[in-house]
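From first to last, the protein sequence lines stand for chains P and S.
Counting in this note's numbering, the first sequence runs from 1 upward without gaps.
Counting in this note's numbering, the second sequence runs from 284 upward without gaps.
In this text, a Cβ means the ideal position worked out from N, Cα and C, and glycines have one as well.
For clarity, every value in this text was computed on a predicted model and none was experimentally measured.
One structure below.
Protein chains: 2
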Amino acid sequence: MNTEKLILDGACVANDIKEQLLSRVKLLAEKGITPCLATILVGDDPASATYVRMKGNACKRLGIESRRISLGKDTSTEQLIAIIQQLNEDSDVHGILLQHPVPHQIDERAAFDAIDITKDVDGVTTLGFAQNAFGFAAYPSCTPAAIVAILDYYQIPIEGKHAVVVGRSPILGKPVSLMLLNRNATVTICHSKTKNLASIVGTGDIVVAAVGKPKFIQGDWIQPGAVILDAGYNEGNVGDVDYEACLLHASAITPVPAGVGPVTIATLLKHTVDAAEQLAFLR
Amino acid sequence: MNTEKLILDGACVANDIKEQLLSRVKLLAEKGITPCLATILVGDDPASATYVRMKGNACKRLGIESRRISLGKDTSTEQLIAIIQQLNEDSDVHGILLQHPVPHQIDERAAFDAIDITKDVDGVTTLGFAQNAFGFAAYPSCTPAAIVAILDYYQIPIEGKHAVVVGRSPILGKPVSLMLLNRNATVTICHSKTKNLASIVGTGDIVVAAVGKPKFIQGDWIQPGAVILDAGYNEGNVGDVDYEACLLHASAITPVPAGVGPVTIATLLKHTVDAAEQLAFLR
């Protein structure tokens, strides 16, 4: 790494992943298989609707079928799980994505765990989390996998580094911590109850922001030369990191937008193609 | 906590747990149910044989049935899994313990994961790990649960503390890290690739040694006033911590033996009784 600031360009990493998928999708087409991702959107949250649309469009551009299922905001857990089970049994569907978050009356964990592990391309099931933690997951959670993919693309070493993860959600903070641990980083997991957060973040060679609060990570917290990955995406296209301030101290940083986000979507597409190939292999 | 050194007496914590179990076992007996733990020992490792015997004896003293299954050192993964499946289906068996480690020809992970989650009283399955990580496990891994039980018994606060865990195994380092995280500690996970281990251990308010190397954790690594939990048990009754040297700096410490070990066994018994009660409730 040189001493200039390295802007970790998510669009570039995502394009690299998608380019590799094109030939794989073509090979599958020759066998009569079109990879298919079913997306489920519950309710009418505009941000969630945008995410689902973006994912659907990304599928189409690669020749992946996107089957969109939209459910009313009053959908019950039982109704949602029944639909997931139909998709589990539908051999034309290779991947299932339930857009997070779901309305409050739904037991999101139960709904996630209803997804068959062979179709859990978004990496949200309880079992998938543990397989990932133990290093043998078929499909790790997409955002954590995207963070690791960005580091790998830019050949930023993980082994022996001190990674500080701010956030501990089941689909982001916890799995990314364990992925970095399995790549031989020393990992510190921080959260809302952490004391002296600024000084702990300051010990990180790699800092992952996964907290869901705009511009939460401050520039003067950052160790000179640290690598910053901002997994946040808040209203107004703002990440969890105070980008301009952190850029002054970091050696490398993901912007928002065009940082972790596009790589997350590319990872979802990759997992969907993986799942379709798995099916082609099995039959 | 006063300023004197607090020796965290595992025998005392274990007795407290076992005392609470006595009345529960009696109640189950009135319903015609004897909690039953099946232990599987593969091969003839003398240390493992001792552990299994200790667990069996601890069962008997509480009125818990212990069914010991000893298999030859050449047992295959398939043979072991077939036996586990028989125990899964046996309604008289409430808990199944496969003594770790198994001979090298066996896929230990596959064998652990063959244990039905409702009988996984030792907390070794992949799914159980994730349920624990997400805070809703029926039966967390016994040693991690024992460590938390010791802290709770002595009313040592966990929330907001910086816990440093040395070790990252699937049944000890990883689950104890996530348990402490779920109790609102800030958690750092260290391992063989960690750089500056001494100085990182020195940031810990709580230090968990789970590394499997005798006297590995040095006294001068320890922050004054830290609480030390030694989950190691090496040849010659020696833990992973240099006890005498660490005692000088710590405010509280578990000895070896009579520290984490007996509480681990008591936790196993508690989970077995929990499982038997669950069955009594369901029928």
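Beta-carbon contacts of residue i that lie in its chain and below 7 angstroms, excluding the five residues immediately before and after
i: leucine 80 (chain P); result: Val42, Leu71, Ile106, Ala111
i: alanine 276 (chain P); result: Leu28, Ile33, Pro35, His94
i: histidine 474 (chain S); result: Gly450, Arg451
i: threonine 477 (chain S); result: Ile483
i: tyrosine 233 (chain P); result: Gly239, Val256, Gly261
Own chain, CB closer than 8 angstroms to residue i, minus 5 neighbours either side, in chain order
i: leucine 455 (chain S); result: Ser424, Thr426, Pro427, Ala493, Ala514
i: alanine 509 (chain S); result: Gly487, Asp488, Ile489, Val490, His532, Ala533, Ser534
i: threonine 118 (chain P); result: Ala138, Ala275, Gln278
i: aspartate 45 (chain P); result: Pro101
i: alanine 14 (chain P); result: Pro262, Val263, Ile265, Ala266
Chain P within 8 angstroms of residue i, Cβ atoms only
i: leucine 455 (chain S); result: no
i: lysine 288 (chain S); result: no
i: glutamate 442 (chain S); result: yes
i: threonine 477 (chain S); result: yes
i: valine 470 (chain S); result: yes
i: threonine 409 (chain S); result: yes
i: isoleucine 323 (chain S); result: no
i: leucine 291 (chain S); result: no
i: arginine 425 (chain S); result: With the sequence shown as reference, residue 425 (chain S) is identified as cysteine, and arginine is not the correct amino acid for it. No, cysteine 425 (chain S) does not count as interfacial toward chain P.
i: isoleucine 364 (chain S); result: no
i: isoleucine 483 (chain S); result: yes
i: cysteine 342 (chain S); result: no
i: arginine 351 (chain S); result: no
Residue interval of the beta strand (DSSP E) (run including residue i)
i: threonine 284 (chain P); result: No information on residue 284 (chain P) is available, as it lies outside the stretch 1 to 283 that chain P covers here.
i: leucine 97 (chain P); result: 95 to 98
i: aspartate 513 (chain S); result: 510 to 513
i: isoleucine 352 (chain S); result: 348 to 354
i: threonine 469 (chain S); result: 469 to 473
i: histidine 532 (chain S); result: Where histidine 532 (chain S) is concerned, there is no enclosing beta strand (DSSP E), although the alpha helix (DSSP H) it sits in stretches over 526 to 532.
i: valine 52 (chain P); result: Here valine 52 (chain P) belongs to no beta strand (DSSP E); instead the alpha helix (DSSP H) covers 46 to 62.
i: valine 207 (chain P); result: 206 to 209
Cβ distance (whole Å) where residue i is taken to contact residue j below 8 angstroms
i: valine 335 (chain S); j: arginine 351 (chain S); result: 7 angstroms
i: alanine 133 (chain P); j: alanine 416 (chain S); result: 7 angstroms
i: asparagine 25 (chain P); j: glycine 63 (chain P); result: Note that residue 25 (chain P) is valine in the sequence shown here, rather than asparagine. So it is a contact: roughly 5 angstroms between Cβ atoms.
i: threonine 267 (chain P); j: alanine 149 (chain P); result: 7 angstroms
i: tyrosine 436 (chain S); j: leucine 289 (chain S); result: Between leucine 289 (chain S) and tyrosine 436 (chain S) the Cβ distance is about 11 angstroms, and since that is not below 8 angstroms, they are no contact.
First through last residue of the alpha helix (DSSP H) which encompasses residue i
i: serine 177 (chain P); result: 173 to 182
i: valine 308 (chain S); result: 293 to 313
i: isoleucine 147 (chain P); result: 142 to 153
i: valine 449 (chain S); result: Element bounds for valine 449 (chain S): not the alpha helix (DSSP H) but the beta strand (DSSP E), 445 to 449.
i: isoleucine 83 (chain P); result: 77 to 89
i: lysine 284 (chain P); result: Missing from the structure shown is residue 284 (chain P); chain P here goes from 1 to 283 and no further.
i: alanine 416 (chain S); result: 409 to 416
i: alanine 421 (chain S); result: Counting along the chain, alanine 421 (chain S) falls outside any alpha helix (DSSP H), and DSSP gives it neither H nor E.
i: phenylalanine 395 (chain S); result: 391 to 397
i: valine 484 (chain S); result: 480 to 484
C-beta neighbour in chain S for residue i, strict 8 angstroms
i: alanine 133 (chain P); result: yes
i: asparagine 184 (chain P); result: yes
i: alanine 130 (chain P); result: yes
i: isoleucine 115 (chain P); result: no
i: isoleucine 106 (chain P); result: no
i: leucine 181 (chain P); result: yes
i: arginine 53 (chain P); result: no
i: isoleucine 156 (chain P); result: no
i: cysteine 246 (chain P); result: no
i: cysteine 12 (chain P); result: no
i: lysine 18 (chain P); result: no
i: asparagine 2 (chain P); result: Its pLDDT being 45, under 50, asparagine 2 (chain P) is placed unreliably by the model, and nothing is read from it.
i: cysteine 36 (chain P); result: no
Cβ-heavy atom distance, residue i to the ligand HEM, below 7 angstroms
i: asparagine 182 (chain P); result: As far as ligands go, the structure on display features none, and thus does not contain the ligand HEM.
Close-in-space but distant-in-sequence residues of the same chain around residue i (CB under 6 angstroms, 5 per side omitted)
i: isoleucine 323 (chain S); result: Ile352, Leu381
i: alanine 38 (chain P); result: Arg67, Leu87, Val93, Ile96
i: leucine 181 (chain P); result: Val187
i: tryptophan 221 (chain P); result: Ala198, Val201, Gly202
i: glutamate 391 (chain S); result: Val385
Minimum Cβ-Cβ distance from residue i to chain B less than 8 angstroms
i: arginine 451 (chain S); result: Here chain B cannot be found, since the structure's protein chains are P and S.
Would the stretch 542 to 549 of chain S count as touching the stretch 293 to 302 of chain S if we require 3 or more Cβ pairs under 8 angstroms? yes
Three Cβ pairs or more, each shorter than 8 angstroms: is that satisfied between the stretch 402 to 421 of chain S and the stretch 482 to 500 of chain S? no
If you pair each beta-carbon of the stretch 528 to 535 of chain S with each one of the stretch 495 to 512 of chain S, do three or more pairs fall below 8 angstroms? yes
Closer than 8 angstroms is the cut-off here; do at least three beta carbon pairs connect the stretch 132 to 139 of chain P with the stretch 249 to 258 of chain P? no
With a threshold of 8 angstroms, are at least 3 pairs of Cβ atoms found where one atom belongs to the stretch 428 to 447 of chain S and the other to the stretch 466 to 481 of chain S? yes
Three or more C-beta pairs closer than 8 angstroms, one from the stretch 550 to 565 of chain S and one from the stretch 338 to 347 of chain S: is that the case here? yes
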